[in-house]
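Engineer: Encoded as C-alpha cells, here's the structure I'll be asking about.
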Amino acid sequence: QVSYDMDGFCERNRDVLFMDLIELMQSSDLPFIKALFPENLQVDKKGRPTTAGSKIKKQANDLVGTLMKCTPHYIRCIKPNETKKSRDWEESRVKHQVEYLGLKENIRVRRAGYAYRRVFKKFLQRYAILTKATWPSWKGEEKQGVLHLLQSVNMDPDQYQLGKSKVFIKAPESLFLLEEMRERKYDGYARAIQKAWRKYVARKKYVQMREEASDLLLNKKERRRNSINRNFVGDYIGMEDHPELRQFVGRREKIDFADTVTKYDRRFKTVKRDLVLTPKCIYLIGREKIKQGPEKGQVKEVLKRRMEVERILSVSLSTMQDDIFILHEQEYDSLLESVFKTEFLSLLSKRYEEKTQRKLPLKFSNILEVKLKKESWGPWSSAGSRQVQFLQGQGDRAMLKPSNKVLQISIGPGLPKNSRPTRRNLTQSRGYSNKSQSQTYPMRAAPPPPAAVWTECVHALFTSRSAAKWSNKSPPVCTSSPCPSKSTGQSEKPQPTLPRQQSGGSGKISQEPESLDFLKVPDQGAAGARRQTTNRPPPAGGRPKPQPKPKPQVPQCRALYAYDAQDTDELSFNANDVIDIIKEDPSGWWTGRLRGKQGLFPNNYVTKI
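Residue numbers (UniProt numbering): 1 to 609.
As C-alpha cells, this is what we get:
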C-alpha cells in the first residue's frame, strides 16, 4: 500500500492557465521551467486558454509516442519503509516486493538476453505436432529436430540460439507464435476427428433407416433398381426457404418429410400437391387462384387437407414396383404417387408407433379400393369408391388407363420382393473410389424409347439395308420424325450405278471388240507440242499434301431419337447427333460430350458407331 498526502492537489485539474501566467513562467531563468510551457503566445491568443488537465494529457500522449519509437525498459518502484524517511530500510518488506514482482527472473533474462530456454527433448515433445517429420517422434539427433521445428515456422535466426543441450528463444512473441501454431494443429485434428465421427454416425443412421424401410416392404413388394440403395434426405422441398408453406405447419413442429407428390382425384385426373409430414400431422398443400378481393388473379398456397397421424387407419400399396400408395382415413382416402414413398412410409410408421404404441397397418394387393369424399351432406348422400388395378406390363414407367370407376396401371417387373439394400456406396464415401465413380446419376431409370417409333425405325432400316443390298434402287426414307437416317446429306433421287458382274455363266460380259474411235483426242497441233516441252510448276507451289485429320480416339455414338434434358446435368440432343462417350455406366445413364457440353444421357436413345 502507498499513502499520499493530498494537500495542495488539484481535484479536477480544471484550473485555467491564462496567458499572463504562461508568460510569467516563460520569463523564468530556469531552462526546465521554460520547457514546460512551449506555447506560442502570438499565435495562440485566439481560442480557449489551456488548462492543467489538457497539458497533462498532451504530455502523456507525447510520452507514449516517444516510448513507441524505442525499446522500453520498465522501472519497478519499491517502497522501503512506512516512515517516509531516508536511510530507513526494511529488508523483509523489500525482499517480499522483489519476489512478488519477479525482478530476479527479469534481471536474469535481461542479462542473458533470452526469455525462454528449454532442453531439446522437452522442446521436441511439446512442439512435435507442428511437422510430420517430428510427429510422433523425431528420428535423429535432437538438436537437428529442434532446428527443423524452428525453420518450419519461419522463425528468424536471430530470435533463437541452440546450445549444447538447450534451445534459447529471445522474444516472447516467438514463443507465442509456437504456442499459437500448436493450438491450431490440435484444433484442426480435433475437427477432423469430429467430422469423421459425425460422418460415421450419420452413415450408420442412414444405413439403419434404409434397413428399417426395407423391412416394411420385404417379401411384400417389388423394389426399383435405382432407389433401394438411395440415401434419405427428408426435406426435398426446402421448407426453410418457403415460408408460404411453413405457415400451415406448427411453429415448433419438426419437418420429417416434405416432397411434391401427384394426387389423383375421383376422375383420376392428376394434380400436384406438397406432402409434408411432421411428428403430429400430415399436410397436403395445393395452390389456387384468388377470384375476388385485392389479390384477385394471384396464385396462393392453400391447405387442402390435414390428417393427424394417429387417425390414419392404414396404407395400401401394390405388390409391383410402382410409386402409388393410398392413405386410408376415417372420412375419405387419398390416392397419391411419390418417388420417395419408401422413405415416407418408414417415417410415417415410426411416428404412428410413437403415437399409438402399435405398428402401422400396411396392405399389399393388386386390387385396391379408394373411398371418395362426400359431395353432398343430404340424408341420402353416400361416399362413392374407386378401384385401382395393377397389371403386369413392360418397362419401369407406369402406364395409366382410366375407365369409368377403374384405374388400370401396368408396369414391368422390378427387383425381387426379397431384395435388401447393400453397402455398395459406403466404400465410395470412404474415398476408395476414383474420380470417375464420384459422378452422381439420376435416381430415376433411363427413359425407354418410344415403342411405336422404335419398331418403325428398325423395320425401315432393315428394309432399306436389304433393298440396297439386293437392288440398285435407293433405300426408302423413314418418315417418322425421331427415326434417324443413315446419312443426313443423302438425296432421295436414285443414284446411277455401274452394272455388276454376276456370278452365273449366262451373265458374262461380251468380249467382242467395240469401236472406241470417239474417245480419241483430236490433233493438238504446234501449240500442243510446245506445251508438252514446257516445264510447268507443280500445283500448290510444291507444298506437301495436308495430312488428314486424325480420327477421334474416344468412342462415339449416334442419337436415334431426340432427347430433351430434364435436369441441369443432362444433355439435350437431336436425332443423328454424334456424341463422344466419356463413360458408360450399367445404370443406363452414360456420360458424354456434345458441342462442348458434358452431361448425362440415356444409352437406349443412341447406338454406338
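Every residue, glycine too, gets a C-beta built ideally from N, C-alpha and C.
1) Nearest to lysine 300 by alpha carbon, out of Ile129, Arg306, Lys291 and Met307?
2) According to DSSP, simplified to helix, strand and coil, what is tryptophan 197?
3) Can you say whether methionine 19 is buried or exposed, counting buried as having 16 or more other CB atoms within 10 angstroms of its CB?
4) Whose C-beta lies closer than 6 Å to the C-beta of serine 334 among residues of the same chain, with five residues either side of it excluded?
5) Kindly indicate the opening and closing residues of the alpha helix (DSSP H) around phenylalanine 32.
6) Note down, in chain order, each residue of its chain lying with its Cβ closer than 6 Å to the Cβ of glutamine 97, except the 5 sequence neighbours on either side.
7) Have a look at the DSSP bridge pairing and note the partners of cysteine 557.
8) DSSP on residue 610, reduced to helix/strand/coil?
9) Short of 6 Å in beta carbon distance, which residues of its chain neighbour arginine 430, apart from the five on each side in sequence? Order them along the chain.
10) Is aspartate 396 helix, strand or coil when you go by DSSP?
11) Aspartate 274 and alanine 398 - do their beta-carbons sit closer together than 7 Å?
12) Histidine 96 by DSSP, collapsed to three states: which one?
13) Kindly indicate which residue of Tyr160, Pro279 and Ser365 has the alpha-carbon position closest to the one of glycine 234.
14) Classify serine 403: buried if its beta carbon has 16 or more other beta carbons within 10 angstroms, exposed otherwise.
15) Is threonine 134 helix, strand or coil when you go by DSSP?
16) Quick one: what does DSSP say glycine 599 is sitting in, helix, strand or coil?
17) Just mark glycine 145 as buried or exposed, buried being the case when its beta carbon has 16 or more other beta carbons within 10 Å.
18) On a CA-only basis, which of Phe344, Tyr206 and Tyr200 is nearest residue 610? Give me that one, please.
19) Report the rounded CA-to-CA distance for isoleucine 129 versus glutamate 105, giving the unit in angstroms.
20) For aspartate 577 and glutamine 330, what's the separation of their Cα atoms in angstroms?
21) Counting pairs of beta carbons, one from the stretch 137-156 and one from the stretch 115-128, are three or more of them closer than 8 Å?
22) Three-state secondary structure (DSSP) at tyrosine 74?
23) From the DSSP output, read off the bridge partner residues of glutamate 570.
24) Can you list, in chain order, the residues of its chain with a C-beta nearer than 6 Å to that of lysine 220? Leave out the 5 residues immediately preceding and following it.
25) How many angstroms separate the CA atom of isoleucine 285 from the CA atom of valine 302?
26) Give the list of continuous beta strand (DSSP E) stretches no shorter than 3 residues that lie fully inside the stretch 130-175.
27) Give the C-beta separation of residue 611 and alanine 559 to the nearest angstrom, bearing in mind that I take them to be a contact with Cβ-Cβ under 8 Å.
28) Quick one: Cα of glycine 599 to Cα of serine 227, how far?
29) Looking at C-alpha atoms only, which residue of Gly238, Gly395 and Leu216 is the closest neighbour of valine 315?
30) So for proline 361, helix, strand or coil by DSSP?
31) In the DSSP assignment, what residue or residues form a beta bridge with arginine 273?
32) Are three or more beta carbon pairs between the stretch 191-209 and the stretch 305-313 nearer than 8 Å?
33) Could you name the residues that DSSP lists as bridge partners for methionine 307?
34) Between the Cα of methionine 320 and those of Glu375, Val554 and Gly393, spot the shortest distance and give me the residue it belongs to.
35) Provide the residue(s) that pair with threonine 591 in DSSP beta bridges, ordered along the chain.
Structural biologist: Reading it off the structure:
1) Lys291
2) helix
3) exposed
4) Leu327
5) 31-36
6) Ile78
7) DSSP output for cysteine 557 lists Ile579 and Lys608 as bridge partner(s).
8) Residue 610 is absent from the structure shown; the chain starts at 1 and stops at 609.
9) Here arginine 430 scores only 39 on pLDDT, less than 50, and its place in the model should not be relied on; the value that follows carries that caveat. For arginine 430, where only same-chain residues beyond five positions count, there are no Cβ hits under 6 Å.
10) Aspartate 396 carries a coil assignment under DSSP once its states are collapsed to helix, strand and coil.
11) no
12) helix
13) Pro279
14) exposed
15) coil
16) strand
17) With 16 or more other Cβ atoms within 10 Å, it is buried.
18) No answer is possible for residue 610: it lies beyond the span of the chain, which begins at 1 and ends at 609.
19) If you take the alpha carbons of isoleucine 129 and glutamate 105, they lie about 30 Å apart.
20) 56 Å
21) yes
22) coil
23) According to DSSP, glutamate 570 bridges with Leu600.
24) Phe364
25) 6 Å
26) 160-162 and 166-169
27) This structure gives no information on residue 611, because the portion of the chain shown stretches from 1 to 609.
28) 21 Å
29) Leu216
30) DSSP, read as helix, strand or coil, puts proline 361 in coil.
31) Val261
32) Per the Cβ contact rule, the stretch 191-209 is not in contact with the stretch 305-313 (fewer than 3 Cβ pairs under 8 Å).
33) Bridge partners of methionine 307: Ile282.
34) Ranking the options by Cα distance to methionine 320, first place goes to Gly393.
35) Looking at the DSSP assignment, threonine 591 forms a beta bridge with Lys583 and Leu600.
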